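Numbering (the numbering used here), first residue to last: 3 to 228.
The C-beta atom is built at its ideal place from N, Cα and C for all residues, glycine as well.
Being a predicted model, the structure only gives us computed values, none of them experimental.
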């Protein structure tokens, strides 16, 4: 059954329950509320003492802008939790939600957090969010991440550079074609295909001969579209 606006008072009351399961259920029900009412519920939920409730609420906030909520109402909340929450998984959720908002003005918050963070999961979420954000000013930081040597962060940065669509990324991506990790090569292939310029052709030509068929097939398709 779809939750209606009349359910909001009951769900807010459920958020006051001493039972963790009740509070998590209330947050999950926010998905069924009209967006403005979901925001009211989630704004209450992000203050919960339990990190699981805060995580569930923060994870949903980024989706509300697509449902008609003004991103300006969401940015201060997500910025605060990215900066201040004591639990790293909540901070990671805040980074991902900032990416979901696709508001270029969130760039400085994400870059500052990346410089500050020591938790790997948060750093990974920030790198992915930089691609979602689509702000071209993230380019230099993403290139720097490629050079840091962490394979999963490198994969996320390659994907983000593809999302940004800046052809300057091509010479930074090409050395990764020689990686032993086929998933990284695949991500580089996707990024080069997204960049879609003649400058990407040499790299895609090499990837079209990749021993991993999934990589080679994607490269061949991309070459046919150039």
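Note down, in chain order, each residue of its chain lying with its Cβ closer than 7 Å to the Cβ of residue i, except the 5 sequence neighbours on either side.
{"i": "residue 126", "result": "154, 155, 158"}
{"i": "residue 104", "result": "134, 135, 136"}
{"i": "residue 113", "result": "143"}
{"i": "residue 109", "result": "135, 137, 139, 140"}
{"i": "residue 12", "result": "none"}
{"i": "residue 66", "result": "37, 40, 41, 76"}
Given this structure, state the Cα-to-Cα distance separating residue i from residue j, to the nearest angstrom.
{"i": "residue 174", "j": "residue 202", "result": "11 Å"}
{"i": "residue 191", "j": "residue 141", "result": "18 Å"}
{"i": "residue 219", "j": "residue 131", "result": "28 Å"}
{"i": "residue 176", "j": "residue 205", "result": "6 Å"}
{"i": "residue 222", "j": "residue 200", "result": "14 Å"}
{"i": "residue 47", "j": "residue 107", "result": "25 Å"}
{"i": "residue 20", "j": "residue 169", "result": "53 Å"}
{"i": "residue 189", "j": "residue 9", "result": "44 Å"}
{"i": "residue 79", "j": "residue 129", "result": "20 Å"}
{"i": "residue 60", "j": "residue 49", "result": "10 Å"}
{"i": "residue 81", "j": "residue 172", "result": "32 Å"}
{"i": "residue 84", "j": "residue 197", "result": "30 Å"}
{"i": "residue 111", "j": "residue 118", "result": "11 Å"}
{"i": "residue 41", "j": "residue 32", "result": "8 Å"}
{"i": "residue 29", "j": "residue 64", "result": "14 Å"}
For chain B, is any of its Cβ atoms less than 8 Å away from the one on residue i?
{"i": "residue 115", "result": "Going by chain labels, chain B is absent from the structure shown, which holds only one protein chain."}
Got a sec, what are the start and stop residues for the alpha helix (DSSP H) residue i sits in?
{"i": "residue 39", "result": "37-47"}
{"i": "residue 216", "result": "215-227"}
{"i": "residue 24", "result": "22-31"}
{"i": "residue 201", "result": "No alpha helix (DSSP H) contains residue 201, which DSSP labels as neither H nor E."}
{"i": "residue 15", "result": "10-16"}
Which residues in the same chain as residue i place their Cβ atom closer than 8 Å to its Cβ, once the five residues preceding and following it in sequence are excluded?
{"i": "residue 212", "result": "184, 187, 191, 218, 221"}
{"i": "residue 207", "result": "221, 225"}
{"i": "residue 161", "result": "130, 133, 189, 192, 193"}
Give every residue of the same chain whose Cβ lies closer than 6 Å to the Cβ of residue i, excluding the five residues on either side of it in the sequence, and list them in chain order.
{"i": "residue 53", "result": "89, 92"}
{"i": "residue 121", "result": "90"}
{"i": "residue 56", "result": "48, 50, 92"}
{"i": "residue 147", "result": "129, 155, 159"}
{"i": "residue 45", "result": "none"}
Ignoring anything shorter than 4 residues or poking outside the segment 50-124, list the alpha helix (DSSP H) runs there in chain order.
-> 53-63, 73-86, 90-103, 109-118
Flag this pair as touching only if the segment 137-152 and the segment 82-101 have three or more C-beta atom pairs under 8 Å; answer yes or no.
-> no
Length-filtered (4 minimum) alpha helix (DSSP H) runs lying within the segment 143-190 = 153-166, 172-175
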